[in-house]
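Listed in order, the protein sequences are those of chains A and B. Counted the way the numbering used here counts, the first sequence spans residues 2 to 75. Counted the way the numbering used here counts, the second sequence spans residues 57 to 420. Below is one structure; the comments refer to it alone.
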Amino acid sequence: MAIAGLILGFFLVFIIDLRGLLRTNRRKAAFLLYSLLLSIGFIISLLQIIGKQPPSPAVYIEKIVSVLLSGVKQ
Amino acid sequence: MKNDVKISSIQLSLIMIGFIFGSSAIINPATGAYQDAWLAFIIGWFGSYLLVGIYVFLSLLHPCKTIVDILKDCFGKFFGSLFAFGYIFYFIHLAALVLRNFGEYMNTVNYPETPLIFLLIALSIVTAFAVKNGLEVFTRVNEMLMPFVIIFVTILFLIFMNIYELKNLLPFLERGFTPVLQSGFAVLTFPFGETVIFLMIFPALNKRENLLKTAFIATTAGGLILLNITLRDLMALGPVLINKIIFPPHTTTGLLPHFVIDPFIAANLLINGGFKIIICLYAASLGITQLFGLDDYKPFVFPITAIAVSLSYWVYDSLPEMTRWAAEIYPYYAIPFQILIPLLSLLISIIKKKSFSHKSSQSS
């Protein structure tokens, strides 16, 4: 049910944006970028719904900050 | 670019004030300094003039250019685009963090039975449509709503006059100066340093000569509002409680049992938190459009909002995790975006400008 809702939501978003996309100066590039962004949003949402999301970016950012801070302290 | 909108100094100033206030309506980054939170706040606030000055001068050196174009000018096409991509991620991440703050507050205080994701989606739909309407429209709406926010903050400060305890501000510097400096730095990065996002909006100002004055007036007004909130919560709740609870303003409102004043806090959050998300989404959409040489940002607003919503739900497991990350990690994570890259860009811009004027004077 949740997955069907997600697909419907993203499809609606695409329909709403279609007119604007057709008006852009570089249509191919715009469609490509749009599809990429929408796919990222869709995949992250889908992985969250099925409970298989990878560690959040906050975890990686925290690791990088910790490594840099420990380097500074040493 | 199709996006040739212009906004007035007052509109820019008010939207900056709203942005600075933003989620600080519910979360105070200075609380780590306990009774010296007011001092930590003032240190962070005063330091922010330096940062805002850097952003303004950078914008003045590159008239009509956003940070995406400025980075390309300063670091070349490859590294400039790489840094610009980093900024776009930062803007989306910032939108996600504010969205999560908003959702957690509403979920904890107002709608405990409502699923968090529903609150996040509800707000994000409204903000996405606001971004789609354009900069001129949402700055005008902000112009109408900001006076109410200032009235709410003033009422909230005055209404607690009877319960303020000046002894809550003492003893002065009991834990030394280090926690004060740490909290001051946290204040500098959240919310003041986040005004780096205005490098996407400064080119839209109709009178460029007023930019520095406008930005400094906004920093002063935003700082005064937040100092007011810091002092109110500190004097009303005390240094220990303010450091232990997650949403001090909400707890403060509970001190007056016969009045229901929590909606004032929620309204402030709804207005300013909403506008902060709007600015983040606008900056990210406009940035990605400029990065790929497209002429209209509006079709990209919904996909970016979708990423921000899913990121806001994904980014933290829980409310305590969110506050810990915001206090311990965020100030360091923000350094490159708020301090290092803008400072480096300013230095490169000054050097380039000097060498260009030197060359042109030699050739003439």
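Glycine included, every Cβ here is placed at the ideal spot set by N, Cα and C.
Residue 364/B, enclosing alpha helix (DSSP H) - first and last residue
357-370
May I ask which residues mark the beginning and end of the alpha helix (DSSP H) holding residue 409/B?
397-419
Which term fits residue 373/B, buried or exposed, when burial requires 16 or more other beta carbons within 10 angstroms of its beta carbon?
exposed
Reducing DSSP to helix, strand and coil, say where residue 123/B ends up.
helix
Give a yes or no on whether the minimum CB-CB distance between residue 8/A and chain B is below 9 angstroms.
no
Chain A beta carbons: is any one of them nearer than 9 angstroms to that of residue 366/B?
yes
In this structure, does DSSP put residue 459/B in helix, strand or coil?
An answer regarding residue 459/B cannot be provided, because it is not within the stretch 57 to 420 covered by chain B.
Quick one: what does DSSP say residue 311/B is sitting in, helix, strand or coil?
coil
Output, in chain order, the set of chain A residues within a Cβ distance shorter than 7 angstroms of residue 94/B.
Neighbours of residue 94/B on chain A: none; closest Cβ ~27 angstroms, over 7 angstroms.
Give a yes or no on whether 9 angstroms exceeds the smallest Cβ distance from residue 351/B to chain A.
yes
Note down, in chain order, each residue of its chain lying with its Cβ closer than 8 angstroms to the Cβ of residue 182/B, except the 5 sequence neighbours on either side.
330
Name the DSSP bridge partner or partners of residue 253/B?
Note: residue 253/B sits in no beta bridge, so no partner.
Chain B contacts made by the stretch 39-63 of chain A, where a contact means CB separation under 8 angstroms
39, 41, 42, 43, 45, 46, 49, 54, 57, 58, 59, 62, 63
Chain A contact for residue 354/B (CB, 9 angstroms cutoff)
yes
Beta-carbon proximity check, residue 180/B vs residue 212/B, cutoff 9 angstroms
no
Any chance the stretch 126-133 of chain B sits against the stretch 266-273 of chain B, with 3 or more Cβ pairs inside 8 angstroms?
no
Have a look at 68/A, 72/A, 60/A and flag the residue whose alpha-carbon is nearest the alpha-carbon of residue 381/B.
60/A
Give me the Cα-Cα distance between residue 69/A and residue 384/B, rounded to the nearest whole angstrom.
14 angstroms
Note down, in chain order, every chain A residue with its Cβ under 9 angstroms from the Cβ of residue 381/B.
59, 62, 63
Cβ-based neighbour list, residue 58/B, same chain, cut-off 7 angstroms, excluding 5 preceding and 5 following:
Any answer about residue 58/B is weak, because its pLDDT of 48 lies below 50 and its placement is not dependable; what the coordinates show is given next. Excluding positions up to five away in sequence, the list reads 351, 352.
Using a Cβ cut-off of 7 angstroms, pull out every chain B residue sitting near residue 68/A, in sequence order please.
In chain order: nothing, as chain B lies at least about 11 angstroms away.
Measure from the C-beta of residue 87/A to each C-beta in chain B and report whether the shortest distance is under 9 angstroms.
Because chain A is modelled from 2 through 75, residue 87/A falls outside the range shown and cannot be assessed.
C-beta neighbour in chain B for residue 31/A, strict 9 angstroms
yes
Here's the rule I'm using: 16 or more other beta-carbon atoms within 10 Å means buried, otherwise exposed. How should residue 396/B be labelled?
exposed
Using three-state DSSP, classify residue 58/B as helix, strand or coil.
Since pLDDT at residue 58/B reaches only 48, below the 50 mark, its modelled position is unreliable, and the value read off the structure follows with that caveat. Three-state result, residue 58/B: coil.
With 16 other Cβ atoms within 10 Å as the buried cut-off, status of residue 91/B
buried
How many angstroms separate the CA atom of residue 191/B from the CA atom of residue 338/B?
8 angstroms
Paired residues, beta bridge with residue 244/B - DSSP:
Bridge partners of residue 244/B: none, in fact.
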